[in-house]
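Asker:
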Amino acid sequence: MNSSASGLVSLTGAGARLFIWAFFAATVILAMWTLSDSTIPALVIISLVLYAAVCVAVSRDRGERLSLPVAISATLVGPLSVLLLSWQLIDDGYTAWYVGAATAILFLVTLRGRIVLAWVGCAILVGALLWWGATTPVGIAAAALMAMRQSAILAVGTLAAVGFLRTSRRIQYLVAEASMRVAAEAAVRAVAEERARRLSELRASIGPLLERIDDGTPLSEDDKAEFAAAEAELRDALRARGLRVRLVIDAARAARRRGVDVVLLDDSSGQTPEEDLTEFATIVAQMLDESVDGRVTARLLPLGRPLLGTVVTDGSTYRAREVVRPSRSRSGQTPP
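When we follow numbering that gives the first Met the number 0, the leftmost residue of the sequence shown carries the number 0, and every step to the right adds one.
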């Protein structure tokens with residue numbers, strides 16, 4: 000879950016950065032416009048440099064929630080500017096650009112998920128303003144009124160941030176719920192399609208044989224051999240899904256008709272890449288075609304093994320072949 004208002008309204012994109020620098024440009028214009036109200040103009044420049052540094056830090060922080068160092072810096076720059084500038088204003092002059100700038104920064108900190116820290120900064124800002132009012136001709140009443148205005152602005156920012164956050168979480172919940180529903184529906188469709196495909200294969204392989212039984216016609220030895228082959232293919236469908244390719248199916252059927260005992264196993268959990276499976280199926284079909292008796296056992300090994308699979312023929316001749324898994328399929332796999 001996002002912990003800031005930016006989960007709903009992006010405050011980390013190009014538009015947000017443009018807004019930050021537009022704010023800084025306006026701050027610079029106001030500061031320069033009222034520079035004559037300052038007895039120490041260098042402090043104005045220092046304050047602008049501090050605000051520029053904060054704007055850079057906030058612009059470069061791409062997290063939905065401001066990082067703690069950036070948030071602390073942004074929180075303290077406002078009170079620091081009040082302490083630097085308030086006491087050096089000329090007696091008949093008045094400028095408050097730095098107070099508004101401080102509140103704007105705290106507003107942004109609030110929207111970027113650091114509400115508590117922003118209010119800590121606001122408390123420090125209010126304290127600095129009251130101190131300034133109590134120790135200058137401005138007066139504590141005027142300073143308190145200014146502090147109340149800044150607090151009210153930050154309260155609006157807090158309400159906006161909380162509202163955005165709640166709405167964002169609600170939207171994310173609805174999106175997650177919809178995604179889960181779509182995924183569940185897709186899974187149901189996939190199961191239904193797989194069931195239909197298997198039923199189609201089953202009908203194609205044993206449908207004609209069942210019709211012979213239903214006719215009541217006596218079964219010949221060839222019919223019994225066909226039943227045995229069909230039973231073996233059903234076992235293959237359960238134990239060797241990865242090897243249910245036409246090349247292997249035809250070769251296994253032909254070998255069984257020659258009296259060869261064929262055992263096909265798939266321990267790969269259906270994770271063998273298509274190109275590797277094609278290569279292994281070609282080898283299995285070749286060894287099945289070459290067998291004339293005995294048993295042929297072909298096995299796809301689990302993903303992560305250095306071997307893709309093994310094929311063993313044990314009859315009048317004995318052959319064992321280990322097929323090494325291509326290096327392209329080993330990346331990210333754990334050793335056996």
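Backbone N, C-alpha and C define an ideal beta-carbon position, used for all residues, glycine too. The model shown is predicted, which means the values in this text are computed figures rather than measured ones.
Helix, strand or coil: which one does DSSP assign to R298?
Answerer: strand
Asker: Kindly identify the DSSP beta-bridge partner or partners of L306.
Answerer: DSSP, once it has assigned bridges, lists V323 as partnering L306.
Asker: Run through the DSSP bridge pairs and tell me what R318 is partnered with.
Answerer: T312
Asker: Do I89 and T38 have their C-beta atoms closer together than 8 angstroms?
Answerer: yes
Asker: With a threshold of 16 other CB atoms inside 10 Å of the CB of P136, please say whether the residue is buried or exposed.
Answerer: exposed
Asker: Identify whether D36 lies in helix, strand or coil by the three-state DSSP scheme.
Answerer: Three-state DSSP puts D36 in a helix.
Asker: With DSSP as the reference, please indicate the residues paired to L82 in a beta bridge.
Answerer: Partner(s): none; L82 has no beta bridge.
Asker: Might you give, ordered along the chain, the residues of its own chain that have their beta carbon closer than 7 angstroms to the beta carbon of F279, omitting 5 neighbours on each side?
Answerer: Excluding sequence positions up to five before and after F279, its CB lies within less than 7 angstroms of the CB of L299, L307, G308 and V322, all in the same chain and listed in chain order.
Asker: Candidates V108, V247 and V69: which alpha carbon is nearest Q285's?
Answerer: The shortest C-alpha separation from Q285 is found at V247.
Asker: From the DSSP output, in three-state form, read off V244 for me.
Answerer: coil
Asker: Quick one: grab the DSSP three-state call for L88.
Answerer: strand
Asker: What three-state label does DSSP hand D260 in the structure shown?
Answerer: The DSSP-derived three-state label of D260 is strand.
Asker: Quick check on the DSSP output: the alpha helix (DSSP H) that includes V291 runs from which residue to which?
Answerer: Note, V291: premise wrong, no alpha helix (DSSP H); not H, not E.
Asker: Within 10 Å of its beta-carbon, does Y50 have 16 or more other beta-carbons around it, so buried, or fewer, so exposed?
Answerer: Flag for Y50 reads buried.
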